[in-house]
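Structure, as structure tokens:
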Amino acid sequence: MTALRFHNSLTRREEDFVPLDPQHVKLYVCGPTVYDLAHLGNARPVVVFDVLARLLRRLYPRVTYARNITDVDDKINARAREAGEPIGAITARTTSDFHRDMAALGNLPPDIEPTATGHIPEMIAMTEKLIERGHAYAAEGHVLFSVGSFADYGKLSGRNQDELLAGARVDIAPYKRDPGDFVLWKPSHEDTPGWDSPWGRGRPGWHIECSAMSWKHLGEEFDIHGGGADLLFPHHENELAQSRCAFGTSFMAHTWLHNGMLLVDGEKMSKSVGNFLTVQDILAQGAWAGEAFRMLLLRTHYRSGLDYTQPALDEAKAELDDSYAMLARAPAVSETLVIAEMAEWALEPLCDDLNTALALTRLRDLRTLENAATVGGSAASVLHRIGKGWALVPGQAAAAFRQASAVLGLMQGEPKAWLQGGDDSSAIEAAIAARITARAARDFAEADRIRAALLADGVVLEDSAAGTVWKRV
RNA sequence: GGUCCGGUGGCCGAGUGGUCAGGCACAGGUCUGCAAAACCUGCUACGGCGGUUCAAUUCCGCCCCGGACCUCCA
82 MTALRFHNSL TRREEDFVPL DPQHVKLYVC GPTVYDLAHL GNARPVVVFD
132 VLARLLRRLY PRVTYARNIT DVDDKINARA REAGEPIGAI TARTTSDFHR
182 DMAALGNLPP DIEPTATGHI PEMIAMTEKL IERGHAYAAE GHVLFSVGSF
232 ADYGKLSGRN QDELLAGARV DIAPYKRDPG DFVLWKPSHE DTPGWDSPWG
282 RGRPGWHIEC SAMSWKHLGE EFDIHGGGAD LLFPHHENEL AQSRCAFGTS
332 FMAHTWLHNG MLLVDGEKMS KSVGNFLTVQ DILAQGAWAG EAFRMLLLRT
382 HYRSGLDYTQ PALDEAKAEL DDSYAMLARA PAVSETLVIA EMAEWALEPL
432 CDDLNTALAL TRLRDLRTLE NAATVGGSAA SVLHRIGKGW ALVPGQAAAA
482 FRQASAVLGL MQGEPKAWLQ GGDDSSAIEA AIAARITARA ARDFAEADRI
532 RAALLADGVV LEDSAAGTVW KRV
């Protein structure tokens with residue numbers, strides 16, 4: 082496979098990916114704060130970086146993908162107060178909901194899923210290091226990171242201190258030496274979760290959590306850090322500052338990747354606009370919806386903005402219908418060099434900054450080739466366009482399609498289950514048998530009557546030389 | 001206001017200094033008892049104004065429009 086390239090947010094350029102250790106690639110992605118059901122926007126980075134992890138695993142002998150669970154946060158505390166529910170109950174339930182929803186979208190679990198509450202000692206240790214090295218100070222029970230102590234502060238997000246100051250739109254706490262200084266540790270009252278620390282009972286700031294967890298599981302320096310573009314500042318800027326200053330390193334992650342924001346019906350999701358959608362809302366549309374939503378996400382390049390609309394989801398479902406139908410028709414074949422070559426070709430775009438949209442286009446081409454081979458027709462124009470001289474053997478393009486799709490986490494289900502899944506189908510089979518008898522007797526009126534009746538029940542028939550097949554719509 | 005990222009055909013959406021994206025929709029065709037599916041053909045766009053160039057959707061400048069971020073939203 083060709084060399085991996087990424088658009089690195091840190092350098093704002095596309096560059097070749099060079100692992101720190103080619104035997105072991107390390108990836109960290111910011112996970113959810115578990116206070117409520119995952120919404121559509123939460124799903125995008127999970128899907129995008131799931132594809133990245135699958136791709137890395139294909140290219141390198143060992144990959145460690147860590148994605149955290151933020152289970153200590155003031156939003157969680159607020160939710161617990163409102164709902165009168167214990168914090169532990171909220172975080173446990175929300176974490177399990179998150180796992181369920183992400184699995185429904187076809188995501189594999191990360192290799193490591195550290196929780197913030199499980200890493201308080203590491204956070205305290207890092208905070209102490211930062212104080213020792215003169216990058217942080219304690220004041221009134223708080224510990225603050227001193228942005229003025231780090232010359233590179235602002236480099237990741239592309240801002241300078243003056244801009245940050247000018248843009249500050251919150252009241253500046255009196256104990257801050259610099260308005261840009263941010264909290265590493267803050268005091269907790271009796272009614273708020275807290276841990277004993279050298280600065281009294283308190284809880285960590287948000288940013289230090291990710292620095293501590295990535296340090297614990299991936300080391301002081303690692304390969305790739307991912308997350309939503311909205312986290313670039315302040316979260317990632319602060320993480321980077323904490324980690325580099327605590328360890329005296331020249332970088333935290335070598336490559337920083339940021340996915341674009343998801344809109345719903347052209348607007349940022351919000352409850353007031355009424356376009357707020359959770360993953361559960363999508364999944365409720367049917368058994369097909371999880372995979373269709375994943376397809377929808379991957380049809381757009383991860384760095385671009387993406388507008389979710391219902392017609393777009395329906396189109397993604399229709400594409401899956403067509404693909405599963407193709408897979409259902411294709412005969413099984415044994416692995417060949419051509420199949421490997423086809424799959425490699427389809428996946429090639431992923432190496433160019435994870436171009437999933439182009440990879441999907443190539444999968445469509447494989448689908449057309451397979452259809453031409455199994456159903457009939459000429460694929461000469463497709464072969465000419467893609468510049469390939471593949472001989473069309475039924476089953477081969479389908480096998481390549483299936484292999485390549487696995488890296489996208491798509492179209493791995495049983496075609497029959499996708500097309501015909503649902504309630505008991507014996508009545509449908511019986512009706513089809515009756516229709517075959519009618520057709521054999523050239524009683525087309527009866528045959529058409531049966532077909533129309535099935536269609537009314539959402540069942541579409543397709544006659545071919547090989548017999549009659551059916552699918553639900 | 002500042003920083004950054006975008007504006008591609010009816011819709012979605014890649015990409016490129018000059019020969020084709022692709023999908024959906026639509027219109028023809030082949031096949032079929034009729035359909036459906038599949039395949040074939042057609043539909044030829046790159047926000048506006050300048051500039052560089054033999055040649056710009058692709059590079060540069062300005063303008064317009066949209067979005068993200070500007071201290072804890074993926």
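Residue numbers (the working numbering): 82 to 554.
Built from N, CA and C at the ideal position, the CB exists for glycine as well.
Whole-number beta carbon distance between Asn340 and Phe226, since they are thought to touch under 8 Å: Here residue 226 corresponds to residue number 145 of the first sequence, with the count starting at 1. Here residue 340 corresponds to residue number 259 of the first sequence, with the count starting at 1. Actually they are not in contact, since the Cβ atoms of Phe226 and Asn340 sit about 26 Å apart, beyond 8 Å.
Selected residue, minimal CA-CA separation from Pro285, among Ala370, Ala322, Met204, Thr175: Start at 1 with the first residue of the first sequence, and residue 285 comes out as number 204. Answer by Cα proximity: Met204.
Check whether Val463 and Thr442 have beta carbons under 7 Å apart: Sequence index remark: in the first sequence, residue 463 carries index 382 (1-based). Sequence index remark: in the first sequence, residue 442 carries index 361 (1-based). 7 Å or more divides the Cβ of Val463 from the Cβ of Thr442.
Taking the alpha helix (DSSP H) that Lys210 belongs to, which residues open and close that run? As a position in the first sequence, residue 210 is number 129, starting the count at 1. Membership of Lys210 in the alpha helix (DSSP H) is indicated by the continuous run 201-213.
Is the stretch 481-501 close to the stretch 400-414, with three or more CB pairs under 8 Å? Touching, yes, given that three or more Cβ pairs across the two stretches are closer than 8 Å.
So who's on the other strand from Tyr109, going by DSSP bridges? Working through the first sequence from its first residue, we reach residue 109 at position 28. Beta-bridge pairing links Tyr109 to Ala147, His306.
Going along the chain, which residues of its own chain have a beta-carbon closer than 7 Å to the beta-carbon of Glu96, five neighbours each way excluded? Your numbering for residue 96 matches position 15 in the first sequence. For Glu96, where only same-chain residues beyond five positions count, the Cβ hits under 7 Å are Arg86, Phe87, Asn89.
For Ser292, write down the residues that DSSP places opposite it in a beta bridge. As a first step, residue 292 is located in the first sequence; it is residue number 211 there, counting from the start. Residue pairing by DSSP places Ser292 opposite no residue, since no beta bridge is assigned to it.
Grouping DSSP H, G and I as helix and E and B as strand, with all else coil, what is Ser177? As a working mapping, residue 177 is identified with position 96 in the first sequence. Here Ser177 sits in helix by DSSP.
Span of the alpha helix (DSSP H), counted from its first residue to its last, around Arg162: As a first step, residue 162 must be located in the first sequence, where it is residue number 81. Following the DSSP letters along the chain, one finds Arg162 inside the alpha helix (DSSP H) bounded by residues 155-164.
Is DSSP giving His120 helix, strand or coil here? Here residue 120 refers to the residue found at position 39 of the first sequence. Secondary structure of His120 (DSSP, three-state): strand.
So does the stretch 307-325 actually touch the stretch 94-111, counting three or more Cβ pairs closer than 8 Å? Yes: at least three Cβ pairs fall under 8 Å.
Below 8 Å on the Cβ atoms is my guess for Gly307 versus Leu343; work out the distance and round it to an integer in Å. By 1-based counting over the first sequence, the position of residue 307 is 226. By 1-based counting over the first sequence, the position of residue 343 is 262. Contact annotation, Gly307 with Leu343: C-beta distance approximately 15 Å; criterion of less than 8 Å not satisfied.
Mapping DSSP to helix, strand and coil, what is Trp40? Outside the shown range of the chain (82 to 554) lies residue 40, about which nothing can therefore be said.
Ala197 and Glu290 closer than 7 Å at C-beta: Here residue 197 is taken as the residue at index 116 of the first sequence, counted from 1. Here residue 290 is taken as the residue at index 209 of the first sequence, counted from 1. Yes. Within cutoff.
Helix, strand or coil for Ala219? Go by DSSP, reduced to three states. Along the first sequence, read from residue 1 onward, the residue named residue 219 stands at position 138. In the displayed model, Ala219 falls within a strand according to three-state DSSP.
Considering only the alpha carbon of each residue, which of Val99, Leu377, Ile212 lies closest to Trp122? The residue you call residue 122 lines up with position 41 of the first sequence. Rather than Trp, the amino acid found at residue 122 in this sequence is Gly. Nearest Cα to Gly122 within the set Val99, Leu377, Ile212: Leu377.
Please report the straight-line C-alpha distance between Thr49 and Ala232, rounded to a whole angstrom. The structure shown does not extend to residue 49, since the chain is modelled only from 82 to 554, so the question has no answer here.
Note down, in chain order, each residue of its chain lying with its Cβ closer than 7 Å to the Cβ of Phe263, except the 5 sequence neighbours on either side. In the first sequence, residue 263 corresponds to position 182, counting from 1. Setting aside the 5 residues that flank it on each side, Phe263 is surrounded in the same chain by Leu225, Phe226, Gly286, His288, Pro315, Asn319, each with a C-beta closer than 7 Å to its C-beta; the list follows chain order.
For Ser545, list the residues DSSP reports as bridge partners. As a working mapping, residue 545 is identified with position 464 in the first sequence. Paired residues: Gly548.
Looking at the unbroken beta strand (DSSP E) that takes in Asn89, where does it start and where does it end? Here residue 89 is taken as the residue at index 8 of the first sequence, counted from 1. 86-89 is the extent of the beta strand (DSSP E) around Asn89.
Can you tell me whether Lys398 is helix, strand or coil according to DSSP? Numbered from 1 along the first sequence, position 317 holds the residue referred to as residue 398. DSSP places Lys398 in helix when its eight states are reduced to three.
Could you round the C-beta distance between Leu473 and Ala460 to whole angstroms and report it? I think they count as a contact, below 8 Å. Within the first sequence, numbered from 1, the residue matching residue 473 stands at position 392. Within the first sequence, numbered from 1, the residue matching residue 460 stands at position 379. Between Ala460 and Leu473 the Cβ distance is about 6 Å, and since that is below 8 Å, they are a contact.
Own chain partners of Pro195 with C-beta closer than 8 Å, once the 5 adjacent residues on each side are dropped: Along the first sequence, one-based indexing puts residue 195 at 114. Ala147, Asn149, Ile150, Met294, Lys297, His298, listed in sequence order.
Mind checking whether Thr390 and Asp434 have CB atoms under 7 Å apart? Taking the first sequence and counting its residues from 1, the one referred to as residue 390 is at position 309. Taking the first sequence and counting its residues from 1, the one referred to as residue 434 is at position 353. Contact flag unset, no.
Selected residue, minimal CA-CA separation from Phe303, among Arg532, Gln501, Val106, Asp529: Taking the first residue of the first sequence as 1, we reach residue 303 at position 222. Of the listed residues, the one whose Cα sits closest to Phe303 is Val106.
Return the Cβ separation of Val488 and Arg139 in integer angstroms, given the expectation that the two are a contact with Cβ distance under 8 Å. As a working note, residue 488 is residue 407 in the first sequence. As a working note, residue 139 is residue 58 in the first sequence. The beta-carbon distance between Val488 and Arg139, rounded to whole angstroms, is 6 Å. This is short enough to meet the 8 Å contact definition.
Span of the beta strand (DSSP E) holding Asp233? As a working note, residue 233 is residue 152 in the first sequence. Where Asp233 is concerned, there is no enclosing beta strand (DSSP E), given that its DSSP letter is neither H nor E.
Arg325 - DSSP class collapsed to helix/strand/coil: Reading the first sequence from its first residue, position 244 is the one you call residue 325. Arg325: helix per DSSP, three-state reduction.
Grouping DSSP H, G and I as helix and E and B as strand, with all else coil, what is Phe357? Taking the first residue of the first sequence as position 1, residue 357 is located at position 276. Coil at Phe357, not helix or strand.
Where does Pro392 land, buried or exposed, given buried means 16+ other C-beta within 10 angstroms? Here the question's residue 392 lines up with position 311 in the first sequence. By the neighbour-count rule (16 or more Cβ atoms within 10 Å), Pro392 is not buried but exposed.
Name the two residues that bound the continuous alpha helix (DSSP H) containing Ala440. For this step, residue 440 is matched to residue 359 along the first sequence. Segment 437-455, the alpha helix (DSSP H) holding Ala440.
How long is the line joining the alpha carbons of Cys326 and Ala334, rounded to whole angstroms? Locating residue 326 in the first sequence gives position 245, counting from the first residue. Locating residue 334 in the first sequence gives position 253, counting from the first residue. Their backbone Cα atoms lie some 13 Å apart in a straight line.
By how many angstroms is the C-alpha of Arg516 removed from the C-alpha of Asp182? Position 101 of the first sequence, counted from the start, is the residue given in the question as residue 182. Position 435 of the first sequence, counted from the start, is the residue given in the question as residue 516. The straight-line gap from Cα to Cα measures roughly 42 Å.
What span of residues does the beta strand (DSSP E) with Trp471 cover, start to end? Position 390 of the first sequence, counting from 1, holds the residue named residue 471. Looking at the DSSP string, Trp471 is not in any beta strand (DSSP E), and its letter there is neither H nor E.
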